[in-house]
Amino acid sequence: MALTNEHIKDRLIAKFGEQLTEWDEQFGLLTVKAPAEMNLKVMQFLYDDEELRFRFLTDLTGVHYPDRKDEELCVVYHLHNLVDNARFRLKVYVPEVKPDVFTATQLFKGANWMERETYDFFGFNFLGHPNLTRILNVDEMDYFPMRKQYTLEDPKRTDKDDEMFGRGGTIAAPVNQD
Amino acid sequence: MSEQHHIKLAEESLQKQTTTLNVGPTHPATHGVFQNIMEIDGERVLETTPTIGYIHRAFEKIAERRPYYQVTPLTDRLNYCSAPINNLGWHMTVEKLLGLTMPKRVDYLRVIIMELARIADHLVCNSVIGVDTGALTAFTYVFQYRERIYEIYEEVCGSRLTTNIGRFGGFERNFTDTAWAKLAEFMKLFPKALEEFENLLNRNRIFMDRTIGAGPLSREMALNYSVTGPNLRAAGIDYDVRVATPYSSYEDFKFNIPVGTTGDVYDRFLVRNAEMWESYNIIAQAIEKIQELDPTVYHADVPDFYLPEKKDVYTKMEALIYHFKIIMGEVNILPGEIYNAVEGANGELGYYLISDGGRSPYRLHFRRPCFIYYQVYPEIVKDGLLSDAIIALSSLNLIAGELDG
């Protein structure tokens, strides 16, 4: 029997009830938001449950939403049940001032580098990670470049107006780098 | 010589301390810019610490400031051995977000290009395993076929390595007669060459002794480390995105998913070889299916998103308007969140795209298979010989561009 989104949702609600919010099913991919401190509990349940069996971590990444107050940073997990070929997306939000998320490395060893990359670019503090160091950027870097306040172009330049190409200055105010 | 206090040497070890060896960043064995710091005891590898990021180019950040069509050239530079798969995967992601459906002929043309790219990628990987084991001959036999594939790309899109092939909504132009002729010639000659290649290596005693048992990857470890693609299949898991979630009409084709058993270098080599035969069969089926379709169709009728042909831009008012709108990023992209994956030559190549309705992606993340499965490298070479570590590296098919993103 194929594992349907309704069934996954029912089982999760039976287990966690109201704690899971922001259910979404865009393009057929079931998505839910969990409280930050519950990310491991939810993933462990998805992993252990005999029917759900989400035992493959496809992807782990971060998103920065400067407009979401007190939950500016988001970790996105894409899980896959390879037996029933079902996918699932889990999100947890944490405040920018204290971006603490439990590491998924105990469950999935593959999360190790994915979390390092996410730390490297967004500054999440993955609690319990065996080696939370920068992976793609230089070690000396002292900011997290994928956050929206860091614009791509040099903010001091005045000769280049690319309002017409891609994003102009609308998404984030230039950082004062003095 | 170095003292590594956390490493306990075996009783029978002749040396009383370990040696630190730097493999890379530029080393003939790494085939790309990345470094491995190895602690070795004689010839036995005790510990490996990979360092990556030497060619990180911040594509995800750049993509947040580029209109959608300008992201395609960035994807070229991920796995540059099979750039068309990256390009077309990105196009299909955006098309899915926009809800566009492609005519069958576009799907089949894409399948032809993507399978050619897979063959080109696997050819490089497998012949280089031969080179790293000391068998240079096989490499020289098949490498001209990669050149032939590049010539087909050139006919279709004008470029060879970083292809920027296709557009949202189809191809930039129809396949020319020369392209079809080159494809037909490739289809005629390639089986012989691949057979010859297999004759040289598959049952070659020296090659087998060198590769069997080297760098083994168990299926449990492969799954736990999120390994995908030929490396996962060599470990015995028959997961292939083309079958699990078919895209671009892959469901119309009959093909097998080759799997291995032990996941060692030899298995990975055999799986890639078998995949080349499957890709060849898929292309043959696609060529046959295309005969029945209207040969003038090469893009969907979606003028809002499909960049019009240049000669129309110069002669037709409407085409000029659409051209201007698309180039200036005035395309109505709906807000949405999507994860779309294609089977890249190295595994599941995923695009996680969040659109807020703006000109460029709000967030774009590439799930780069290389980056994820390279973590397993220190585990599979542990306690093996240094020379096995070298061929394990080439059998994983690491592409520095995909590794560093």
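If you're matching them up, the sequences are chains A and B in order. Its first residue numbered 1, the first sequence is counted upward by one per residue in UniProt numbering. Its first residue numbered 1, the second sequence is counted upward by one per residue in UniProt numbering. Cβ coordinates follow ideal geometry from the N, Cα and C atoms, glycine included. Predicted model only: the values in this text are computed from it and were never measured.
- Residue state for B:Q17 is assigned as coil, using DSSP reduced to three classes.
- In the DSSP assignment, A:H7 falls within the alpha helix (DSSP H) that extends over N5 to F16.
- In this structure, the beta-carbon distance from B:A392 to B:V241 does not fall below 7 Å.
- By the rule that beta-carbons nearer than 7 Å mark a contact, B:H299 does not touch chain A.
- Within the same chain, and ignoring the five residues on either side of A:N137 in sequence, the residues whose Cβ sits closer than 6 Å to its Cβ are D120.
- The beta carbon of B:A234 sits closer than 6 Å to the beta carbons of G260, G263, D267, R268 and V271 from its chain, once the five residues preceding and following it are set aside; these are given in chain order.
- Contact fails between the region 308-318 of chain B and the region 208-215 of chain B, because fewer than three Cβ pairs, one in each stretch, are under 8 Å apart.
- Look at B:N22 here: in three-state DSSP terms it is strand.
- Three or more pairs of CB atoms, one per stretch, sit closer than 8 Å, so the region 63-76 of chain B contacts the region 360-374 of chain B.
- If you check the CB distance, A:P99 and A:N125 come in under 7 Å.
- An exposed status is given to B:L334, since fewer than 16 other beta-carbon atoms sit within 10 Å of its beta-carbon.
- By the Cβ test, the region 181-195 of chain B is not in contact with the region 84-104 of chain B, since fewer than three Cβ pairs between them sit closer than 8 Å.
- Under the three-pair Cβ rule at 8 Å, the region 26-45 of chain A does not count as touching the region 344-353 of chain B.
- Straight through space, the alpha carbons of B:L14 and B:L161 are spaced by roughly 49 Å.
- Between B:M221 and B:I119, the C-beta gap is not smaller than 7 Å, which leaves the two residues out of contact.
- Runs of alpha helix (DSSP H) with 4 or more residues, each lying fully within the region 146-205 of chain B, are found at 177-201, listed in chain order.
- By the CB criterion at 7 Å, B:C125 and B:I399 fall outside the cutoff.
- DSSP, reduced to helix, strand and coil, places A:E72 outside both helices and strands of the structure shown, so it counts as coil.
- Residue state for B:A58 is assigned as coil, using DSSP reduced to three classes.
- B:Y54 is positioned such that its CB atom lies no closer than 7 Å to that of B:P28.
- Around the Cβ of B:Y153, a 10 Å sphere holds 16 or more other Cβ atoms; the residue is buried.
- Contact of B:L223 with chain A by beta-carbon distance below 8 Å involves R55, F56 and L82.
- Three or more beta-carbon pairs separated by less than 8 Å are not found between the region 378-386 of chain B and the region 67-80 of chain A, which leaves the two stretches without contact.
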